[in-house]
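Residue numbering for the sequence shown follows my numbering, starting at 1 and increasing by one per position. Built from N, CA and C at the ideal position, the CB exists for glycine as well. In this text, all values refer to a predicted model and were calculated from it rather than measured experimentally. The next block holds one structure in the form of structure tokens; read it before the comments.
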Amino acid sequence: MNLDKTDYKSLICIANNYSELKKFEEAFIYYEKAMKIAPNYHKIYLCYGISKSESGNVKEAINYYKEAIILNTDDVKTYIILANTLAEENRYDEAVEYYKKAIKIDDKSTMAHLALGNTLTLKGNLEDAVNHYRIASKLEPENNEINLLYAEAIEEYTTNAIKQLNDEDEK
Numbered sequence: 001m002n003l004d005k006t007d008y009k010s011l012i013c014i015a016n017n018y019s020e021l022k023k024f025e026e027a028f029i030y031y032e033k034a035m036k037i038a039p040n041y042h043k044i045y046l047c048y049g050i051s052k053s054e055s056g057n058v059k060e061a062i063n064y065y066k067e068a069i070i071l072n073t074d075d076v077k078t079y080i081i082l083a084n085t086l087a088e089e090n091r092y093d094e095a096v097e098y099y100k101k102a103i104k105i106d107d108k109s110t111m112a113h114l115a116l117g118n119t120l121t122l123k124g125n126l127e128d129a130v131n132h133y134r135i136a137s138k139l140e141p142e143n144n145e146i147n148l149l150y151a152e153a154i155e156e157y158t159t160n161a162i163k164q165l166n167d168e169d170e171k
């Protein structure tokens with residue numbers, strides 16, 4: 001196979017294929033070759049970050065996602081992937097900020113609202129979580145998973161509110 005050494009998109013495809021095969025070291029070589037050719041192409045950094053994350057190097061993955069965002073501040077997908085990674089690392093406050101940035105770019109992003117709702121639930125901020133689940137449910141009213149999360153969040157929020165009222169009455 002004759003590969004045009006200036007074809008960075010082909011290099012990314014090769015790297016992605018190696019990554020899919022869990023041959024991360026080989027993947028990293030091709031991502032780095034692509035980065036030398038097109039250092040300002042944000043998708044290289046995004047894909048490299050995903051591969052780093054899958055190989056277990058989450059800290060480096062986060063740095064690559066942030067670099068991708070610097071290169072393309074309008075890519076909602078990158079913000080969500082970064083926020084998801086931060087949430088998985090229990091870095092909820094940072095994750096919330098990146099989900100909010102994604103929503104600022106595209107307030108119709110069901111995935112951003114849903115993921116933000118999940119993270120807010122983990123933080124114990126049920127009131128805001130319910131709001132984002134509501135928005136996600138309105139964006140995809142036929143999505144049973146979203147509707148279930150929305151209903152569960154409402155139930156938990158209501159239960160907590162009733163408990164708080166009862167506790168105040170007992171004082």
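Among the residues of its own chain, which have a CB less than 8 Å from the CB of residue i, if the five just before and after it don't count?
i, result
"Y45", "M35, Y64, Y65, E67, A68 and L71"
"T78", "H42, L46, Y65, A68, I69 and N72"
"N147", "S137 and P141"
Going along the chain, which residues of its own chain have a beta-carbon closer than 6 Å to the beta-carbon of residue i, five neighbours each way excluded?
i, result
"G49", "A61, Y64 and Y65"
"A112", "I80, Y99, A102 and I103"
"L11", "Y30, K33 and A34"
With distances taken from CA atoms, which of the options is nearest residue i?
i, options, result
"S53", "Y92, T85 and Y8", "T85"
Measure the Cβ-Cβ separation of residue i and residue j and say whether it is below 9 Å.
i, j, result
"L114", "L149", "yes"
"A83", "E97", "yes"
"S109", "V130", "no"
"L122", "Y157", "no"
"V58", "E89", "yes"
Starting from residue i, trace the alpha helix (DSSP H) both ways and give me its first and last residue.
i, result
"K43", "H42 to E54"
"N190", "One cannot answer for residue 190 here, as it falls past the ends of the chain, which runs 1 to 171."
"A27", "F24 to I37"
Within the same chain, show all residues whose beta-carbon is closer than 7 Å to that of residue i, passing over the 5 residues directly before and after it, in chain order.
i, result
"E26", "Y18"
"K101", "Y79"
"T119", "A87, Y92, A95, V96 and Y99"
"C20", "Cys is not the amino acid found at residue 20; the sequence shown has Glu there. Here the set comprises nothing."
"S55", "F24"
"I135", "H113"
Legend entry - Sequence ranges, alpha helix (DSSP H) only - wholly within the region 70-153, length at least 4: Secondary structure remark: continuous alpha helix (DSSP H) runs of at least 4 residues inside the region 70-153, in chain order: 76-88, 92-105, 110-123 and 126-139.
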